[in-house]
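Chemist: There's a structure below that I have some questions on.
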């Protein structure tokens, strides 16, 4: 507790985390994380679904007729295929979801803090279900966009609450692996979507409705799972439900000896409740390091170019000269590589550390993107307007190498590190900013990708390779290691000891001057 010396409160000594010494990895812990992380399935399904349905002729004929006519024209006239899908309206269909998600994120910040992580995830599930209904029943572009807006609200609420939920219930020694479950489910959702698209493309004329409607499966699982699991002990205690929080903590830890963890949560909650304006608190000097790191990680994650490839992978392969079936088949391969590489991250993140995975992946992604640029620059497309078999195979290999590197690094770790970085008093606001920045740049990339492909052609890969160099240097110089550091001690053990960020904790403005620490 705080004691007084003169007129000032005295900060207590930091409480040590003992969860790893007593707590067990219990079935209820694993089940809770698995159920909540299914939000990633929904997000991933949409990423994989968008590119699939926009390559289906029946879908294009109904909603984007000019693009459909352009696609037919390129079957018979030898023109550059890079511009087939260059349509601002088509790109708006994909990106509108993320624009809605940006706005929803700020409402989700309030619900996450005052109504709890659980209810926020339940709300995300209902938004997803409503969005799926509008999408399946769409008779015009307006209904289609309304469905995307509801899906965007689900993404905003889900991406706000789920990383917080996972980071708060996971013991420090496996926090990385459990938190990456969210990203793993995103990759599984992408793979599920590409498999559905592959089958739905052969069903005319309503195959695209089947593809959109299948999103209801992960949406239903998420909603049901969120209703079943308990809220996090931190969220319950933060909202005054001390006894319920204590009960949940015992269930998660698998032991009755939880006094140290309970005291730590109570103390962190008490300090957090003194902060009435968390967004303003974020701008204070001592909160700048986690804010800068979390913000730039989200920006760089999108500037890797991954969503330009994953959103439009079927469209991309068609533009590069592959047929419809070959493009969807290639997208299935990419989805499979994405899932397997994310499993590598779950296994290695708490052993190899965050920095090593990001640095290695930076080198691998750079080489892959440069090779893609060179292959497309020097190897000509044949007279039929298609890539030769050998060239197409080479492209798939390098894109898979690139996707694998992203999947065990920037994909999961940008979210993981951001969820670890903030202290409890600004965690919800910090996560809101993190999600908002991510969705903003996802929106910009989704809106610009097909136009960039049209105008830059193979140069789009060179563009992203330059950004990979920048982000790798940023990681090397400015990103501290958070591996195996209890989340409540990140500030003391990470930020205050980093060669650059420690300067922001000199004369820390959180503690009034003239304080004397009484032993």
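Numbering (the numbering used here), first residue to last: 197 to 715.
Built from N, CA and C at the ideal position, the CB exists for glycine as well.
In this text, all values refer to a predicted model and were calculated from it rather than measured experimentally.
Could you tell me whether the region 285-299 touches the region 259-268, where touching means 3 or more Cβ pairs closer than 8 Å?
Modeler: With a cut-off of 8 Å, the region 259-268 and the region 285-299 count as touching, because enough Cβ pairs lie within range.
Chemist: My output table needs one value for residue 563: the three-state DSSP class, helix, strand or coil.
Modeler: In this structure, residue 563 counts as helix in the three-state DSSP scheme.
Chemist: For residue 335, which of helix, strand or coil comes out of DSSP?
Modeler: Residue 335: coil per DSSP, three-state reduction.
Chemist: Answer yes if the region 658-672 comes into contact with the region 560-572, meaning at least three C-beta pairs across the two stretches below 8 Å, and no otherwise.
Modeler: The answer is yes - the region 658-672 touches the region 560-572, with three or more Cβ pairs under 8 Å.
Chemist: Looking at residue 486 and residue 625, is the spacing between their C-beta atoms short of 8 Å?
Modeler: No, they are not a contact pair.
Chemist: In this structure, how does DSSP classify residue 667 when only helix, strand and coil are distinguished?
Modeler: Helix at residue 667.
Chemist: Excluding the 5 residues flanking residue 698 on each side, which residues of the same chain have their C-beta closer than 6 Å to its C-beta?
Modeler: Only 692 meet the Cβ criterion.
Chemist: In its own chain, which residues sit with a C-beta less than 7 Å from the C-beta of residue 255, not counting the 5 before and 5 after it?
Modeler: Contacts found: 249, 404.
Chemist: Taking the straight line between their C-alpha atoms, what separation do you get for residue 373 and residue 542?
Modeler: Rounded to whole angstroms, residue 373 to residue 542 spans 4 Å at the Cα level.
Chemist: With 16 as the cutoff for other CB atoms within 10 Å, does residue 453 come out buried or exposed?
Modeler: When all chains shown are included, residue 453 counts as exposed.
Chemist: With a cut-off of 8 Å on the beta carbons, I'd call residue 533 and residue 593 a contact; round off their distance for me.
Modeler: Actually they do not touch by this definition, with Cβ atoms about 10 Å apart.
Chemist: With the cut-off set at 8 Å, would you say residue 324 and residue 360 are in Cβ contact?
Modeler: Not in contact: residue 324 and residue 360 (Cβ atoms no closer than 8 Å).
Chemist: DSSP on residue 651, reduced to helix/strand/coil?
Modeler: DSSP places residue 651 in helix when its eight states are reduced to three.
Chemist: Using only alpha-carbon positions, find the residue among 421, 545, 458 that is nearest to residue 315.
Modeler: Of 421, 545, 458, the residue nearest in Cα terms is 421.
Chemist: Which runs of the alpha helix (DSSP H) spanning at least 4 residues fall entirely within the region 421-491, listed in chain order?
Modeler: Qualifying alpha helix (DSSP H) stretches, in chain order: 429-434, 438-449, 455-469, 474-478.
Chemist: If we ignore side chains and look at the alpha-carbon of each, how far apart do residue 230 and residue 335 end up?
Modeler: If I take the Cα positions, the gap works out to 36 Å.
Chemist: Is it right to say residue 469 is buried, meaning 16 or more other beta carbons lie within 10 angstroms of its own, or is it exposed?
Modeler: Exposed.
Chemist: How far does the alpha helix (DSSP H) with residue 309 in it reach, from first residue to last?
Modeler: 284-310 is the extent of the alpha helix (DSSP H) around residue 309.
Chemist: Taking all protein chains shown into account, do 16 or more other C-beta atoms lie within 10 angstroms of the C-beta of residue 402, making it buried, or fewer, making it exposed?
Modeler: Exposed, because fewer than 16 other Cβ atoms sit within 10 Å of the Cβ of residue 402.
Chemist: Hey, how far is the Cα of residue 232 from the Cα of residue 670?
Modeler: The alpha-carbon atoms of residue 232 and residue 670 are separated by roughly 32 Å.
Chemist: With 16 other CB atoms within 10 Å as the buried threshold, where does residue 241 fall?
Modeler: With 16 or more other Cβ atoms within 10 Å, it is buried.
Chemist: In or out: residue 547 buried (at least 16 other Cβ within 10 Å) or exposed?
Modeler: By the neighbour-count rule (16 or more Cβ atoms within 10 Å), residue 547 is not buried but exposed.
Chemist: Counting along the chain, where does the alpha helix (DSSP H) carrying residue 370 start and finish?
Modeler: Element bounds for residue 370: n/a, residue is neither H nor E.
Chemist: Residue 299 to residue 585, Cα distance in whole Å?
Modeler: Their backbone Cα atoms lie some 45 Å apart in a straight line.
Chemist: If you compare alpha carbons, which of 364, 225, 350 is closest to residue 618?
Modeler: When each option's Cα is compared against that of residue 618, the closest is 364.
Chemist: With DSSP as the reference, label residue 238 as helix, strand or coil.
Modeler: Residue 238 falls in the helix class under three-state DSSP.
Chemist: Indicate whether at least one CB of chain D lies closer than 8 Å to the CB of residue 433.
Modeler: Absence of chain D from the displayed structure is noted, only one protein chain being present.
Chemist: When you compare the CB positions of residue 294 and residue 642, do they come within less than 8 Å of one another, or not?
Modeler: Cβ atoms of residue 294 and residue 642: closer than 8 Å.
Chemist: For a test of the three-state rule: what should DSSP assign to residue 634, helix, strand or coil?
Modeler: The answer is helix: DSSP assigns residue 634 an H, G or I state.
Chemist: Suppose you measure from the CA of residue 394 to the CA of residue 528; what does that come to, to the nearest Å?
Modeler: Cα-Cα distance, rounded: 8 Å.
Chemist: Compute the Euclidean distance between the alpha carbons of residue 479 and residue 616, then round it to the nearest angstrom.
Modeler: So the two alpha carbons sit approximately 18 Å from each other.
Chemist: Mind the definition here: the region 337-344 touches the region 378-387 only if three or more C-beta pairs lie below 8 Å; say whether that holds.
Modeler: Counting Cβ pairs under 8 Å, fewer than three are found: no touch.
Chemist: For a test of the three-state rule: what should DSSP assign to residue 398, helix, strand or coil?
Modeler: Reduced to three states, the DSSP call for residue 398 is coil.
Chemist: Please report the straight-line C-alpha distance between residue 504 and residue 328, rounded to a whole angstrom.
Modeler: Whole-angstrom Cα-Cα distance: 23 Å.
Chemist: Which class does residue 252 belong to by DSSP, given the choice of helix, strand or coil?
Modeler: In the structure shown, residue 252 sits in coil (DSSP, three-state: anything other than H, G, I, E or B).
Chemist: Hey, residue 560 and residue 601: beta-carbon distance below 8 Å or not?
Modeler: Taking 8 Å as the Cβ cut-off, residue 560 and residue 601 qualify as a contacting pair.
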